[in-house]
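Okay, structure first, notes after.
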Amino acid sequence: MPEPYAVLGVAKTATADEIKKAYRKLAREFHPDRNPGDAAAEERFKEIQGAYDLLSDPDQRKQYDTFGAAGPGAGGPFGGGAGGGFGNVRFENVDFSDLLGGLGGLFGNRGHTRPRSERGADLEARVRISFDDALAGTTVRVPVEVEAVCRVCAGTGAEPGTAPRTCPDCGGTGILAANQGLFSLSQPCPRCRGNGVIVDKPCKNCRGTGRERVTKRYAVKVPAGARSGTRIRLKGKGEPGVNGGPAGDLHVVVDVVPSQLYERRGSDLVLDVPVTYPEAALGATVQIPTPDGPVALKIPSGSEHGKLLRVKGRGAPKLDGGGRGDLLARVQVTVPKKLSKAEKEALEGYREVLKEDPREKAFS
Ligand SMILES: [Zn+2]
Ligand SMILES: [Zn+2]
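The following block contains the structure:
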């Protein structure tokens, strides 16, 4: 049977919840009711169902993780995990039409097995954007290296001018039957590895695989308010599927260059605003920058160092639907390093008249 984790597109470490979610999504997509008459979708649906049956049962999952598809002690040519794409013999949810040679449609009828379809892998790409672009939203071009049909051999894997020929060992079925008493077990043809065809002269460009790596460029819209770690999913832009399976997804992860001025706090922006001691003590109105240009900020009298003053709606756009965060102006009381004679005298005078002793409260 196909690798159940790959069928559901989840990691081996996926939680039961993640498995259920992946299953629901895929089952909806490939349900026969939604794909009437589509045999590939039906087959895929069965795979999805089979994979979920196995992985949703903690005991079966554990057994699979430990022993592979065949289960403990099954022996025979189908030992754990070996031939990935070959799913005719199931030891779990045994389907006797598959086990009894000649009865199942796979063996009796046309003689050609269709290779199993698989979903393409998901890809991840990172993009780095400026702080301003993250606030305003932008479109970036993302180069992605994906697998594609080889342009030289058009996917046959054979050198141009030559053609793949039918495998003489299995007559093109890709399957060899081996009689073992009552059951006629079948296994993938070793000569053509289940493909049914043999390539005598492999294509040089793809070394016979029929596929090659190509770089595709996608224009990706980064929403206003994106931050480092924001993920954008492009459905179907990952690796192409195998044998008619659906393509994987492309996940674009945003990386935002930090701002010299602002610190991101969710959709709020924190801005340090230096003020002098008299401004903090007596209050003042000062000019501060915002993403939309400067505004006047009122510092209330008695503002302590570190106090946050909220400027409504001047933060970053909110990613989850509409509105903007706030700008949080953080009061930074500065101490002058160099004093003129007049300043020194003024401060000495201030020291004389100041009654408050801040240590009195702090250390009591
Ligand atoms: Zn090729
Ligand atoms: Zn063969």
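Per the numbering used here, the sequence shown starts with residue 301, numbered consecutively. Here a beta-carbon is modelled for each residue, glycine too, at the ideal position from N, C-alpha and C.
Where D353 is concerned, the enclosing alpha helix (DSSP H) starts and stops at 339-355. Per the CB criterion, closer than 7 Å to any heavy atom of ligand 2, the qualifying residues run in chain order as C467, D469, C470, G474, C489, R491, C492, G496. Listed as beta-bridge partners of I588 by DSSP are V595.
Below 8 Å, too few C-beta pairs join the stretch 604-623 and the stretch 639-647 to call them touching: fewer than three.
Between C489 and V446, the alpha-carbon positions lie close to 30 Å from each other. Set against 7 Å, the gap from the CB of G461 to the closest heavy atom of ligand 1 is not smaller. Between the C-alpha atoms of Y577 and S601 there is a straight-line separation of about 10 Å. Around the beta carbon of R517, a 10 Å sphere encloses fewer than 16 other beta carbons of the protein chains shown; the residue is thus reported as exposed.
Straight across, the Cα-Cα distance linking I588 with L619 is about 25 Å.
The beta-bridge partner set that DSSP reports for P502 consists of A458.
With fewer than 16 other Cβ atoms inside 10 Å of its own Cβ, T585 counts as exposed. Within the same chain, Cβ atoms closer than 6 Å to the Cβ of D572 are found at R630, Q632, the five residues on either side in sequence being excluded.
Burial state of T315 is exposed, judged by a 10 Å Cβ sphere holding fewer than 16 other Cβ atoms. Residue F345 holds the alpha-carbon nearest to the alpha-carbon of D333 among F345, D568, Y323. For T366, the secondary structure class from DSSP, reduced to helix, strand or coil, is helix. Contact residues of ligand 1 (beta-carbon closer than 5 Å to any heavy atom; chain order) are C450, V452, C453, C503, N505, C506. Just so you know, the alpha carbons of P591 and V444 end up roughly 32 Å apart.
Residue pairing of V611 in beta bridges, as defined by DSSP: L627. Bounds of the alpha helix (DSSP H) holding L435 are 431-436. With contacts defined as CB atoms closer than 8 Å, V552 and A434 fail to qualify as a contacting pair. Rounded to the nearest angstrom, the Cβ distance from V554 to T439 is 12 Å, too far for a contact under 8 Å. Residue pairing for P574: DSSP places it in a beta bridge opposite Q632. Nearest to V635 by alpha-carbon distance, out of V514, C470, L647, is L647.
The C-beta separation of G541 from S417 comes to about 6 Å, placing the pair in contact by the 8 Å criterion.
In the DSSP assignment, E648 falls within the unbroken alpha helix (DSSP H) covering 641-653. Out of D568, L569, G529, the CA that lies nearest to the CA of V556 is found in G529. Distance from the CA atom of Y364 to the CA atom of A616, rounded to whole angstroms, is 48 Å. Cα atoms of A526 and G566: separation of roughly 10 Å, rounded to the nearest angstrom.
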